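For the sequence shown, the residue numbers in mature numbering (1 follows the signal peptide of the UniProt record, and there is no 0) are -49 to -1, 1 to 295. By construction, the Cβ of each residue, glycine as well, lies at the ideal position given by its N, Cα and C atoms. Note that this is a predicted model, so its numbers are computed, not measured. This report refers to the structure that appears directly beneath it.
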Amino acid sequence: MTKQKTAPGMAGGHHPAGDRANTANLFLKGAPVALAVIALSAFASTASATEDGTTHYPVGVNTVADGYTPMPGTLELYNYSVGHWSNTLANNSGNETIPGFSNSGAVDALRVMYTFAKPIGPFHYTMGGVLQFSYNHLDVGRESDSATNLGDLDFQNYLSYVSPGHKLFMYFGLDTYMPTGRYNKNHLVNPGKNYWSFDPSINVTYHVNDKLALNSVVYAEFNTKNSATHYQSGNSVDTDFAANYRPFVHESEDSFAQHLGFGIGGYFLKQYTDDEIDGQTVGPDGHRAQAFGIGPQVIYYTKFGGFALKYQHDLAVRNRAASDTVWFQFAVPLLGSFRHVGTE
């Protein structure tokens, strides 16, 4: 079994464009990334454009090679393409809040990551950034809006680690989301959020054997106040997870099947502090978001990177849009190692 510190097919970190229920963000869980939806809140009368349970981090993006970063001295390109659709905006009981609600969109997020060659003790330093472009359309009763533009930038700093036996791959660090995307408080849909988010995370891949890899990430998100609406989105924690299996990994490398992997992936999002407007709690429950998403994924590993196609369906949704999402993501080295990725 050959495993190396590279991104076998979309890997690591969050990336894509923000939350699927957010107007502009991928990884796909990134999504980015990725992924963007913005919904009209039940409290729109007090805030003309609320965050409505969305996050900058694209929940569900990190379900393949979560603990991988580029190999030392390598620059890699990641791309996350996401399509999503939703017909339900759930309240705190999980019931539909607004009849006639419909939201759909698409996001493409580009992410670059570079791992410096010189180690820092047992770690390597990796830095990266995500730029995403989104289209989003929203219908709420007789109201309708759409937007196409660049979203908020994400700047990433990580320390990565690989165990001596190459069974454990992990990295940890901070994503900083900057309010660079277009925003207008009078619009129902905005590519940007108009506030900063700071997301510390830990990302892990563990190879049980040559065929089976377990993946998990934990992201916490801390938000600043939207200066245009005085809306303060509550802080949240998201866990992305996946089990990926390569049944034909011992076949000849000339075989198409040898490069295939199959898995189940998803996420669980929980907001743990209240949304506030001018220091006052929004609604009786603080408008705390929750969602659980899960679905199948197919992965194709190549000598230079990899590709993944994923589907996720939302369950147990509270105070946000319940979505169905399709992801296509890939990773390729631009400079540095082109060595065989081996098993994920």
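Is R197 buried or exposed, if buried means 16 or more other CB atoms sit within 10 Å of its CB?
buried
Identify which residue in N42, K136, M78 and T14 has its Cα closest to the Cα of N270.
N42
Residue of T180, F281 and V140 minimising C-alpha distance to V91
V140
How many whole angstroms separate the CB atoms of S167 and D191, which I take to be in contact at a CB cut-off of 8 angstroms?
7 angstroms
Over the uninterrupted beta strand (DSSP E) stretch that includes R62, give me the two end residues.
S53 to T66
So, for A208: in the same chain, excluding its five sequence neighbours on each side, which residues have a beta-carbon less than 7 angstroms away from its beta-carbon?
F199 and E202
Can you tell me where the beta strand (DSSP E) with W147 in it begins and where it stops?
That residue, W147, is in no beta strand (DSSP E); it is neither H nor E in DSSP.
Pull up the DSSP beta-bridge partners for Y8, would you.
Paired residue(s): none; Y8 is not in a bridge.
Decide if A60 is buried, meaning its Cβ has at least 16 other Cβ atoms within 10 Å, or exposed.
buried
Could you spell out the range, first to last residue, of the beta strand (DSSP E) harbouring F123?
L119 to M129
Is H238 helix, strand or coil by DSSP?
coil
A208 (DSSP reduced to helix, strand or coil)
helix
Straight-line gap, T99 to G132 (C-alpha atoms, nearest Å):
11 angstroms
What does DSSP give as the partner residue(s) for Y86 in the beta ladder?
A57 and T99
Return the chain-ordered list of same chain residues with a C-beta closer than 6 angstroms to the C-beta of G216, the five sequence neighbours on each side being excluded.
T14, A193 and Q248
Contacting residues, own chain, Cβ-Cβ under 6 angstroms from F173 (five flanking each side not counted)
F149 and N186
Using a Cβ-Cβ cutoff of less than 8 angstroms, which residues in the same chain neighbour K162 once the five nearest sequence positions on both sides are dropped?
Y196, R197, P198, V200 and T294
List the endpoints of the continuous beta strand (DSSP E) containing A164.
L163 to N174
For T39, name the three-state secondary structure that DSSP assigns.
strand
Quick check on DSSP: helix, strand or coil for H75?
strand
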